[in-house]
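Take a look at the structure below.
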Amino acid sequence: NAGVTQTPKFQVLKTGQSMTLQCAQDMNHEYMSWYRQDPGMGLRLIHYSVGAGITDQGEVPNGYNVSRSTTEDFPLRLLSAAPSQTSVYFCASSYSRGKNIQYFGAGTRLSVL
Amino acid sequence: GENVEQHPSTLSVQEGDSAVIKCTYSDSASNYFPWYKQELGKGPQLIIDIRSNVGEKKDQRIAVTLNKTAKHFSLHITETQPEDSAVYFCAARLSNFGNEKLTFGTGTRLTIIP
């Protein structure tokens with residue numbers, strides 16, 4: 054069982070470039086979410102999804118878009134990268150209502166120059 | 010919204026000693042409190058969790074205590090080993106049914122000294 058898979062593991066962008074961070078889970082989880090991790094700030098929620106076709110904003114959504122066309126995939130899009138988006142990004146998923154264990158991917162380390 | 014504070018930010022303990030990490034939360038409606046361990050270069054992994062109807066939970070060398078009145082919860086690691094060295098995060102979740110959003114603390118870097 055692969056769990057939550059994130060690609061790429063590392064990425065360097067120039068300011069203004071766009072890219073998509075991929076996240077896939079094979080556990081048939083309804084809930085998926087994206088976090089960013091910055092030094093001294095813990096994990097902050099960017100966007101989340103409670104099921105296919107449904108997404109909502111988290112704590113720090115500006116500059117990011119998401120979509121959830123399938124249960125398995127939850128990509129995170131940066132439309133115009135900024136240096137402030139330099140961070141480590143984690144995707145997480147959890148099973149369903151009442152089952153709160155979130156499983157995290159290994160992360161994507163993004164640098165925006 | 011929920012706010013979670015975590016202390017200390019760094020902690021060094023001698024191998025074999027105990028380690029305690031403390032968190033406080035702001036919203037009395039929070040009802041689920043997980044602890045995650047993050048090893049270098051990896052994503053966080055759940056190590057133990059507690060719900061608001063329980064005061065303490067143990068799993069081998071790890072225990073979590075919850076004081077709902079004071080709105081704080083703590084992670085206790087006994088007989089620490091080198092492999093316990095990692096960053097630990099506490100989190101809290103509000104009780105909205107179907108809401109899986111967690112609010113995380115800022116993390117504690119635990120170093121076990123051999």
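First to last, the sequence lines map onto chains V and P. Positions 54 to 166 (the working numbering) are the ones given, in order, by the first sequence. Positions 10 to 123 (the working numbering) are the ones given, in order, by the second sequence. Heads up, the beta-carbon is just placed ideally off N, CA and C, and yes, glycines get one too. Keep in mind the model is a prediction, meaning the values are calculated, not measured.
Inter-residue spacing [alpha-carbon to alpha-carbon] between residue i and residue j
i                 : j                 : result
Asp36 of chain P  : His85 of chain P  : 23 Å
Trp44 of chain P  : Asp26 of chain P  : 20 Å
Asn118 of chain V : Gln110 of chain V : 9 Å
Met94 of chain V  : Gly114 of chain P : 8 Å
Proximity test, Cβ basis, 7 Å: residue i and chain P
i                 : result
Ile154 of chain V : yes
Run of the beta strand (DSSP E) containing residue i, from where it starts to where it stops
i                 : result
Gln69 of chain P  : Unbroken run through Gln69 of chain P: none, as it is neither H nor E.
Ile154 of chain V : Here Ile154 of chain V belongs to no beta strand (DSSP E), and DSSP marks it neither H nor E.
Thr117 of chain P : Thr117 to Ile122
Tyr101 of chain V : Leu96 to Gly104
Ser21 of chain P  : Thr19 to Gln23
Asn118 of chain V : Tyr117 to Val119
Met72 of chain V  : Met72 to Gln78
Contact with chain V by residue i, beta-carbon distance below 7 Å
i                 : result
Pro53 of chain P  : yes
Gly25 of chain P  : no
Thr115 of chain P : yes
Lys31 of chain P  : no
Lys110 of chain P : yes
Exposure of residue i, with buried meaning 16 or more beta-carbon neighbours within 10 Å
i                 : result
His82 of chain V  : buried
Gly69 of chain V  : exposed
Gly52 of chain P  : buried
Ile107 of chain V : exposed
Gly10 of chain P  : exposed
Thr123 of chain V : exposed
- Identify each residue in the region 89-111 of chain V for which the Cβ-Cβ distance to at least one residue of chain P is less than 8 Å, and report them in chain order. Gly93, Met94, Gly95, Leu96, Arg97, Leu98, Tyr101, Val103 and Gly111
- Query: Relative to chain V, which residues along the region 55-85 of chain P have a C-beta separation below 8 Å, given in chain order?
  - Reply: Leu55 and Asp58
For the region 135-147 of chain V, which residues have a CB atom closer than 9 Å to at least one CB atom of chain P, in sequence order? Phe143, Cys144, Ala145 and Ser147
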